[in-house]
Amino acid sequence: MISFRDYYRNLVNLDFSCNPFSDNARNVFVITSYKDKWLLTKHKSRGLEFPGGKVEEGETSFQAGIREIAEETGGYIEELVYIGQYEVHSKEQTIVKDIYFGEVIRIDDQEHFYETDGPILIDELPENLEFNTDYSFVMRDLVVKESLKRLKELNLI
Ligand code: GTP
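Our numbering applies: residue 10 is where the sequence shown begins, and numbers increase by one.
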């Protein structure tokens, strides 16, 4: 398990085993690609980030991941690979997020993208992501860095 403080100094625990913190995570984060590019979305207040959000009532985190990709980017995806989980301890609550990886099959045009400005395709993520203010705080801690390392180990990227 990797433990660190995030951008807001909240304690984060990150682990790549099977459901280390909860069998029923209520949040999801999906490292998403499309044709050899990273597929991000531009959140209206947080900035660039991978799709994700809250798992809704009656949904699994897998289903939520597929829905969030569609809502935030227009991306259509059939398969997601579970790679790990992290928990964030904030003052008010502790949240658990499932991390998935997925390759989008196509990107559909749509009028509304909920809290985001829609899809953004990027060739490479910047080296110094933690200092890049174009990116959301959720992208600027060890979660993305360690998840990409894990994806390389699994030969998924
Ligand atoms: P809404 O306003 O309903 O979206 O929810 P909220 O403001 O209660 O926030 P949310 O449930 O998304 O997050 C609760 C806490 O977890 C906040 O302190 C967030 O900063 C933090 N948090 C949420 N997602 C992440 C994440 O991916 N990484 C990190 N480091 N913190 C997160």
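Beta carbons: idealized from backbone N, C-alpha and C, even for Gly.
- Task: Can you tell me which of the three DSSP states Gln102 falls into?
- Result: For the purposes of this step, residue 102 is taken as residue 93 along the sequence shown, with counting starting at 1. Three-state result, Gln102: coil.
- Query: What does a CB cutoff of less than 6 Å around Gly74 pick up in its chain, not counting 5 residues either side in sequence?
  - Reply: Along the sequence shown, read from residue 1 onward, the residue named residue 74 stands at position 65. Cβ neighbours of Gly74 beyond the five flanking positions: Val37, Val39, Leu89, Tyr109.
- Query: Which one or two residues does DSSP pair with Val90 in a beta bridge?
  - Reply: Position 81 of the sequence shown, counted from the start, is the residue given in the question as residue 90. Per DSSP, Phe110.
- Message: Would you say the beta carbon of Lys106 is closer than 8 Å to some non-hydrogen atom of the ligand GTP?
- Response: Along the sequence shown, read from residue 1 onward, the residue named residue 106 stands at position 97. Yes, the Cβ of Lys106 comes within 8 Å of a heavy atom of the ligand GTP.
- Message: The alpha helix (DSSP H) that contains Phe71, what's its start and end?
- Response: Sequence index remark: in the sequence shown, residue 71 carries index 62 (1-based). Taken as a continuous stretch (DSSP letters only), the alpha helix (DSSP H) holding Phe71 covers 70-82.
- Where does Val152 sit, in a helix, a strand or coil, going by DSSP? Taking the first residue of the sequence shown as 1, we reach residue 152 at position 143. If DSSP states are grouped into helix, strand and coil, Val152 belongs with the helices.
- Query: For Phe13, which beta-bridge partners are listed by DSSP?
  - Reply: On the sequence shown, residue 13 is found 4 positions in, with the first residue counted as 1. Looking at the DSSP assignment, Phe13 forms a beta bridge with Val21.
- Message: Between Leu53 and the ligand GTP, is there a pair consisting of the residue's CB and a ligand heavy atom that are separated by less than 8 Å?
- Response: Counting from 1 along the sequence shown, the entry for residue 53 is found at position 44. First, the amino acid is wrong: residue 53 is Lys here, not Leu. Outside the cutoff, so no.
- the ligand GTP heavy atom lying under 8 Å from the CB of Gln102: As a first step, residue 102 must be located in the sequence shown, where it is residue number 93. Checking the Cβ of Gln102 against the ligand GTP gives yes.
- Item | Exposure label - Phe30; buried when at least 16 CB within 10 Å | Against the sequence shown, residue 30 aligns to sequence position 21. Label assigned to Phe30: buried.
- Task: Could you check the C-alpha separation between Leu134 and Val147 for me, to the nearest Å?
- Result: One-based indexing of the sequence shown puts residue 134 at position 125. One-based indexing of the sequence shown puts residue 147 at position 138. Answer to the nearest angstrom: the Cα atoms are 14 Å apart.
- Message: For Phe59 and Tyr91, what's the separation of their Cα atoms in angstroms?
- Response: For the purposes of this step, residue 59 is identified with residue 50 of the sequence shown, where counting begins at 1. For the purposes of this step, residue 91 is identified with residue 82 of the sequence shown, where counting begins at 1. Their Cα atoms are separated by approximately 15 Å.
- Out of curiosity, what's the CA-to-CA distance linking Ser42 and Asp32? Taking the sequence shown and counting its residues from 1, the one referred to as residue 42 is at position 33. Taking the sequence shown and counting its residues from 1, the one referred to as residue 32 is at position 23. Taking the straight line from one Cα to the other gives about 26 Å.
- Enclosing beta strand (DSSP E) for Lys63 [first to last residue]: Position 54 of the sequence shown, counting from 1, holds the residue named residue 63. Per DSSP, Lys63 belongs to the beta strand (DSSP E) from 61-63.
- Item | Three-state class that DSSP yields for Glu167 in the structure shown | Any answer about residue 167 is impossible in this case: the structure gives the chain only from 10 up to 166.
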